[in-house]
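Down below is the structure, laid out as structure tokens.
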Amino acid sequence: KVATENRMGVSPTDWLGDLALLLQRGITDTLSAAPGTGSATREYPGPGVGARSTFRSNDSERFAQVRKALHISETEFFASLSLPQGKMRSSMRVISKAMASGRSSAFFFVSPDQRFLIKSMSKTEQRLMLRVLEAYTAHLAETTLSLLPRYVGLYSVKTPGQRTRRFVALANFCAGLYPISRRYDLKGCARSRWPHHPVRRPAPPSAPLRHHQHLCAAAGSDVQAARVGRGEGQGALRRVQGVLPICGSTP
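Each residue of the sequence shown is one higher than the one before, starting from 591 at the first, in my numbering.
Below is the structure:
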């Protein structure tokens, strides 16, 4: 159960509603098929008379391994994201570009139980995710604690008159039982995000907490895993860099 204060998004309408419905239909049918059966690409009628839309689940079997490594059962994942039988409107919620207020212009769909997010992504980001997926899966299977985002699915959808849109599903860290009063977006950077004035760095504590040490160890392990194929893992690495100054180290 998610605290009311932590719930995000609004009901999708218009083209966002069409996208949400197509995503849920595709995910439902993909997860319902027996492992190794069924096509990765599926077609659905509409929106509009005589129109056809397509859904593609990218590397479904590999992402099933990722979910297993993260202790997310297929039953849980299906229950969170599947479309209720007979429903013609998506039960997901949406966080629009304006609501997300990020620099990437991405938007999000939120599963009905708020446990998972489905984030829009570029073609370049999707290609990078597929390149590092094997190493990402192996890292999660080998480590007991990781600070990397929990990517659990990768999808592409195409509706009539619209360009192909790509999405990545990930666990929602904010789906907690207790109310969250503040949220922070911590990111590493290579350029264009430095403050105009020097920021004084606080002195490290004399006796680091055990949890702090565990986080530092996890961050170091994640950085090593992100160094895949001469920089192919830089996207994942930048997600981790934000925590490294706390640990007093540099990748």
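Beta carbons: idealized from backbone N, C-alpha and C, even for Gly.
Selected residue, minimal CA-CA separation from residue i, among the options
i: T733; options: E715, R597, L660; result: L660
i: E633; options: P750, C764, F698; result: P750
i: D608; options: T594, T644, A725, R597; result: T644
i: D842; options: G616, A593, G638; result: In this structure the chain extends from 591 to 841, so residue 842 is not present and cannot be described.
i: R705; options: S622, K658, L671; result: L671
i: P702; options: R740, V684, E724; result: V684
i: R657; options: R721, Y741, R753; result: Y741
i: T727; options: D812, R597, G599; result: D812
i: P602; options: A641, L612, P739; result: L612
i: N725; options: R597, Q655, T594; result: Looking at the sequence shown, residue 725 is not Asn but Ala. Residue Q655 is the option with its Cα nearest to A725.
i: S622; options: N596, E666, Q716; result: E666
i: K713; options: L707, F698, R753, L738; result: R753
Strand pairing of residue i, partner residues [DSSP]
i: V631; result: Per the sequence presented here, residue 631 reads as Thr, with Val not at that position. Its beta-bridge partners are R646.
i: T726; result: Looking at the sequence itself, residue 726 is Tyr, so the reference to Thr does not match. BP columns for Y726 are empty, so no partner.
i: S710; result: F757
i: I685; result: F698
i: K748; result: T644
i: G743; result: A759
i: V600; result: V684
Under 8 Å between C-beta atoms of residue i and residue j
i: F757; j: M719; result: no
i: A855; j: S680; result: Missing from the structure shown is residue 855; the chain here goes from 591 to 841 and no further.
i: A696; j: K677; result: no
Per-residue burial, residue i [other beta carbons within 10 Å of its own, 16 or more giving buried]
i: Q614; result: buried
i: F763; result: exposed
i: M682; result: buried
i: A759; result: buried
i: V747; result: buried
i: P674; result: exposed
i: S796; result: Residue placement at S796 is poorly supported in this model, since its pLDDT is 46, which falls under 50; the coordinates still yield a value, given next. Counting Cβ neighbours within 10 Å, S796 comes out exposed, since fewer than 16 surround it.
i: L735; result: exposed
i: R755; result: buried
i: P769; result: exposed
i: V600; result: exposed
i: G819; result: For G819, the predicted structure reports a pLDDT of 42, less than 50, and the residue's modelled location is therefore unreliable. A value from the coordinates is still provided. Exposed, since its Cβ has fewer than 16 Cβ neighbours within 10 Å.
i: G640; result: exposed
i: Q831; result: Below a pLDDT of 50, predicted positions are generally treated as unreliable, and Q831, at 38, falls in that range; the measurement from the model is reported next regardless. Buried, by the Cβ-count rule.
Nearest-angstrom Cβ-Cβ length linking residue i and residue j, presumed shorter than 8 Å
i: S647; j: A630; result: 5 Å
i: S650; j: T620; result: 6 Å
i: F653; j: L744; result: 7 Å
i: V700; j: M598; result: 6 Å
Any chain D beta carbon closer than 8 Å to residue i
i: R721; result: Absent here is chain D; the protein component of the structure consists of one chain.
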